[in-house]
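Just below is one structure, and these are the notes that go with it.
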Amino acid sequence: MCLNQRLIKDFLRLNELLLDIDRLSYRYPGAAHPALSNVSFSVTEGECICLTGHSGCGKSTLLLAIMGLLRGGRSSGTVKIAQGTGAAPWSSPAGMVFQNAESQLICTSVAEEVAFGPENLCVPAGEIGRRVMEALKAVGMAEHLARSPERFSAGQKQRVAIASVLAMQPKLLLLDEPTSQLDAGGKAELVQILGELKRQGYTLILAEHDPRPFADLIDRYLMLELGCLLRVERSAPGIEFFHSGDAEVAPCCRAEGNCIEAAGIELAYPETGTVLNGVNLTVGRGERLHLFGRNGAGKSSLLRCLSGLECPDRGEVVLCGMKNPQPEELPGKVGVLFQNPARQLFGETVQEEVAFTLQRQGLERSEWEPRVAEALEICRISHLVERAPLTLSFGEQHRVALAAVLAPRPELLLLDEPFAGLDFPQRLALLGILGELPRSLGATVVIVSHDELPDSRWADRSLILSGGVLGERSC
Amino acid sequence: METKTERIYLWRRFTLREAVLLCFCATFIVLTRAGLRLHLHMPGHVMFFTMFFMLLARGFVPKLGSVTLVGLLTSLTSVLLGMGASGPIVLVKFLLPAVLVDLAGFLVPGFVTSALGCLAVGVFASITRAGVSTGVEYLMGMEEEIIIGKALISAGFSGLWGGLGSLAVPAIIRRLRLNGLIDDGTEGSLDA
Amino acid sequence: MANVPAKGGLRRSLRSCDYGCQFAAHDSPVHRVGAGTKLVLGMLLSASAAGGRTPATLGALVLVTLCYYLAARLTLADLWRDIRLFMFQAALVIPLYCLVHGTGKGLWPGIRISTQIILFYLPGAVFLRTTRSSEVMRGLRRVLPYRVSFLVFVSVRFVPFFFREIADITAAQRLRGAKLLPRQQLNPRNWPDLFNCLILPLMVRALKTADEVARSAEARGFGAHRERTFFQADLLIRNAGEAGTAQQSEPSAPTEKLLQGNEGRAVPRCTTR
């Protein structure tokens, strides 16, 4: 190839380049280690890139750096975003959809939300209306213009968030853990939408610790670890990355008698209608049960009925021998861990946090201290005993909350979406801890989730909640 | 190495994050006001959480004007949610104690970590709020003696509840600062 | 199996709009009057309350104000919810007058003043009950700088969010043994639970959410320019509704009921601010 041809080829290639990152480093204020360290890569127009790696590897930080949203720390290196070919006037070069759609939506109607970005860009009012309709049609939400996102499902909120970014007509779309709150159906819808956007010429960068649903879309995988770019791959991370390995699953420890006996549970809300339609549930002592169901199926409502937080319209619940118990009767016998359990942390130290229920039960220090140590040991966080819970990482806080629930040695443990926000190794580790509980504490464990378990061998029995009724699933 | 700083968003002092945080303090005042109204119906009891969240706002964003912004947002949000039947007076009802808390913060910047400081400010700000409706009562022809008597009773209850609510603030502020979740307010000219 | 009534408390009471001055979503002559006109009318009525010094004038004022109230097709139950706070004030004022002047001379002035105070505030209640929040918001956007009106709207938007957070945190902590029920909180010895187990985690959540909201707004260019387009979304909603492409909103929580899109109003102008 002669020099002129090479120069023309380089010139054309440069024109296609949408994002160029050169030796980017970033350190959060007061952090001991950098969150990003000499990261360099480029993205061409129309590509779909996946940033992947375990929790804490720097995926979200990198996306924020691309958007120019990092504040208060120290950075070096450069991030260059081109306008892209055919960029519209009054457009933003990049748009980002955050992990938590709930707090991303800041307006009171879908129309206002999607119009928010163009308003900020001083797009003329007439043009805004057109963009709003286009963006909502692209995500299949055009008929929900007037509605408040308040009662939307996680998937719908996600779609409105995407539309609100599309209305700014960016060439580069960044999505941070977009599937974290979605069930299988929601993920499939999202894959479809992103596929269509890619076909329309959008450049996509996804930060995902589990990129498998997007395998058909992704052109390149950028593997990150501790803020460094390890390698770039063209194919999905190996199956062993998501394999539970040959780790042994603790054997079944069924004992005599039942821990949960729920009969004829019915529950309806004025806004959504019947949620539970005659649910019958029997769980034996020492059993490990997985209760599966899509978002909105009523799993959390069932859990609230079992724990006495919600009075069913009909039906009876017997929990560890207590008939229709009130929540105040459960501490010590039943432990309940809701989604995002870090929300309940308040102690000055991990020890204080974990000891709370035991202290409420009137135990002396000499009695609760060994139990706390036992719970921390089970959750593999004994080294954190003197740390302040609010300063810990998300995964560590998760375990502290679990330890707090285990410390009273409950007979029954109910967990609502315990894997939300955790990466695959963390999920596997948590499942391992939960699998041991029937043997170590004699506890019955019920996991409620919209995702498959990281290890399908864990559950002694699996049920599905659909149409307001429970049915058996083959394990 | 470059240090990236937050952009100033409002009134030449508040970043967007700080402004949103203050707006949430207003949300909490409105929420607790609605909830307590339904259950207790005791005179002055809404000052319990009003003063609590106003003082907390001062602890979150120790800058002059932070609590005034909370007062302004609370009154406007109350009107939007149908809790502002008193019309423009609702503005004064929240702005007056808010301005007083800001003034206290300007004079004694570190008072939010002192129980005595919070108690004094909480009681005083609550008492002054009780006098807001005296103007209307005077216009209606109420006798001064009755106005004063009513104001004293109102002020007494408001001051009591406001004082109680303010006592919890130092512990919360200290815990949040200890965990690095909020600044300790010692950097730069925060009261500019 | 017998029906078990659902648990009550803050959630149900807020959802059922128990507190006064909530927007009444029906049609009436007063609903159809413009917000500005209602505001002026209300101010006139409120000012006239000062003139009700004799039984005749007071009676006339009561009649006029009641007619205004009932013309908005508001019920006596609504009236009670709107004035019950002022009834507590009356319970203070009337005894004070009787104490100072004796029952014979003090009763009438006490009743008069209490009635005048109610008459002063009642037109404001009518305004709130007959004016959609979207109209009030539109008015606010015209009057306030956008950086302040944005904060007001975020404050309103996150009322149901934090209401849910309070409910969720309370549920989780009750199951750990914290004493957070209203009847338990009547005992001051349980107040530390309120602050440690509920308020503190709630504040941590607020701090985190403030970060996320600020980032979300900034990521969409908010605050980057001095000016900002003022787009009236309810016009788009109305046009889409007429074209049959938009679903009607389904209000459930009080804030949703208040924040319905506009229907059947004059077409507002789109302006750039």
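Protein chains in written order, with numbering that gives the first Met the number 0: chain L, 0 to 474; chain Y, 0 to 191; chain R, 0 to 272.
We put the beta carbon where it would ideally sit given N, CA and C, even for glycine.
Requested in this report: Select from the segment 54-77 of chain Y all residues with a C-beta closer than 7 angstroms to any C-beta belonging to chain L, and list them in chain order.
Outcome: none
Query raised in the report: What residue ranges within the segment 436-461 of chain L form continuous beta strand (DSSP E) runs of no fewer than 3 residues, ordered along the chain?
Result: 443-448
Query raised in the report: Between the C-alpha atoms of Cys117 of chain Y and Leu199 of chain R, what's the straight-line distance to the nearest angstrom?
Result: 18 angstroms
Query raised in the report: Can you name, in chain order, every residue of its own chain whose Cβ lies under 6 angstroms from the Cβ of Ser455 of chain L, other than the five neighbours on each side?
Result: none
Query raised in the report: If you pair each beta-carbon of the segment 159-172 of chain Y with each one of the segment 185-204 of chain R, do three or more pairs fall below 8 angstroms?
Result: yes
Report task. Would you kindly work out how many angstroms separate the C-alpha atoms of Leu54 of chain Y and Gly121 of chain Y, rounded to a whole number? Result -> Leu54 of chain Y and Gly121 of chain Y: Cα-Cα distance of roughly 8 angstroms.
Query raised in the report: If Val131 of chain L sits next to Ala110 of chain L, beta carbons under 8 angstroms apart, how far is it from one beta carbon to the other, in whole angstroms?
Result: 6 angstroms
Query raised in the report: Taking the alpha-carbon positions, what's the Pro92 of chain L to Phe23 of chain Y distance?
Result: 31 angstroms
Query raised in the report: Going by beta carbon distance, what residues of the same chain come within less than 7 angstroms of Met0 of chain L, once the five residues before and after it are set aside?
Result: Confidence at Met0 of chain L is low in this model, with a pLDDT of 49, below 50, so its placement is unreliable and the value that follows should be read with caution. So the list is empty, once near-sequence residues are dropped.
Query - For Thr26 of chain Y, the three-state DSSP class (helix, strand or coil) - result: Here Thr26 of chain Y sits in helix by DSSP.
Query raised in the report: Shorter than 8 angstroms from the beta carbon of Gln184 of chain R to some beta carbon of chain L?
Result: It does not; no Cβ of chain L falls within 8 angstroms.
Requested in this report: Tell me, please, whether the CB atom of Tyr145 of chain R is closer than 8 angstroms to any CB atom in chain Y?
Outcome: Cβ-Cβ to chain Y under 8 angstroms: no for Tyr145 of chain R.
Query raised in the report: Residues of chain L with a CB under 7 angstroms from the CB of Thr133 of chain Y: which are they?
Result: Result: empty, since nearest Cβ-Cβ is about 36 angstroms, beyond 7 angstroms.
Report task. Identify every run of the alpha helix (DSSP H) within the segment 331-371 of chain L, keeping only runs that are complete inside it and at least 4 residues long; order them along the chain. Result -> 349-359
Requested in this report: Report the three-state DSSP secondary structure of Ser251 of chain R (helix, strand or coil).
Outcome: For Ser251 of chain R, the predicted structure reports a pLDDT of 36, less than 50, and the residue's modelled location is therefore unreliable. The matter cannot be settled from this model.
**Report entry** chain Y residues whose Cβ lies nearer than 9 angstroms to that of Gly277 of chain R
**Finding:** Residue coverage of chain R in this structure runs from 0 to 272, which leaves residue 277 of chain R outside it and unanswerable.
Query raised in the report: Can you tell which of R:Thr114, R:Val32, R:Leu95 has the C-alpha that lies nearest to the C-alpha of Thr53 of chain R?
Result: If you compare the alpha carbons of R:Thr114, R:Val32, R:Leu95 with that of Thr53 of chain R, the shortest gap goes to R:Thr114.
Query raised in the report: Since Glu134 of chain R and Ala34 of chain R are thought to touch, with beta carbons under 8 angstroms apart, how far apart are those beta carbons, to the nearest angstrom?
Result: 5 angstroms
Query raised in the report: Which full runs of the alpha helix (DSSP H) of 4+ residues lie inside the segment 144-191 of chain Y, going along the chain?
Result: Within the segment 144-191 of chain Y, the complete alpha helix (DSSP H) runs of at least 4 residues are 168-177.
Query raised in the report: What does Asp175 of chain L pair with, by DSSP beta-bridge criteria?
Result: BP columns for Asp175 of chain L point to L:Ala206.
Query - Anticipated Cβ contact below 8 angstroms, Arg313 of chain L with Gly263 of chain L, distance rounded - result: 6 angstroms
**Report entry** C-beta contact flag for Leu436 of chain L and Ala400 of chain L at 8 angstroms
**Finding:** no
**Report entry** Any C-beta of chain R under 8 angstroms from that of Lys227 of chain Y
**Finding:** In the structure as shown, chain Y begins at 0 and stops at 191. Residue 227 of chain Y is therefore absent and cannot be evaluated.
Query raised in the report: Counting along the chain, where does the alpha helix (DSSP H) carrying Ile65 of chain L start and finish?
Result: 58-66
**Report entry** CB contact check: Arg386 of chain L to chain Y, cutoff 8 angstroms
**Finding:** Chain Y, which has no Cβ nearer than 8 angstroms to the Cβ of Arg386 of chain L, makes this no.
Query raised in the report: Can you give the beta carbon distance from Ile48 of chain L to Asp215 of chain L, rounded, assuming they're within the 8 angstroms contact cut?
Result: Separation of the CB atoms of Ile48 of chain L and Asp215 of chain L is rounded to 14 angstroms, and the pair is thereby denied contact status at 8 angstroms.
Query - Separation of Pro117 of chain L from Leu185 of chain R, as counted between CA atoms - result: 50 angstroms
Query - Minimum Cβ-Cβ distance from Thr130 of chain R to chain L less than 8 angstroms - result: False, the Cβ-Cβ gap to chain L never drops below 8 angstroms.
Requested in this report: Quick one: using the 10 Å Cβ neighbour count with 16 as the cut-off for buried, is His382 of chain L buried or exposed?
Outcome: Burial call: exposed.
**Report entry** Contacts around Leu430 of chain L, its chain only, beta-carbon distance under 7 angstroms, and the 5 residues preceding and following it disregarded
**Finding:** Leu452, Pro453, Asp454, Trp457
Query raised in the report: Between the Cα of Arg287 of chain L and the Cα atoms of L:Leu414, L:Val122, L:Lys197, L:Ala354, which residue gives the shortest distance?
Result: Of the candidates L:Leu414, L:Val122, L:Lys197, L:Ala354, the one whose C-alpha sits nearest the C-alpha of Arg287 of chain L is L:Leu414.
Query raised in the report: What residues of chain R sit near Met141 of chain Y, judged by a beta carbon separation below 7 angstroms?
Result: Ile112
Query raised in the report: In chain Y, which residues lie less than 9 angstroms from Gly55 of chain L when you measure between Cβ atoms?
Result: Result: empty, since nearest Cβ-Cβ is about 18 angstroms, beyond 9 angstroms.
Report task. For Ile380 of chain L, name the three-state secondary structure that DSSP assigns. Result -> coil
Query - Min CB distance Leu179 of chain R to chain Y below 8 angstroms - result: no
**Report entry** Residue span of the alpha helix (DSSP H) that contains Ser132 of chain R, given as start and end
**Finding:** 132-142
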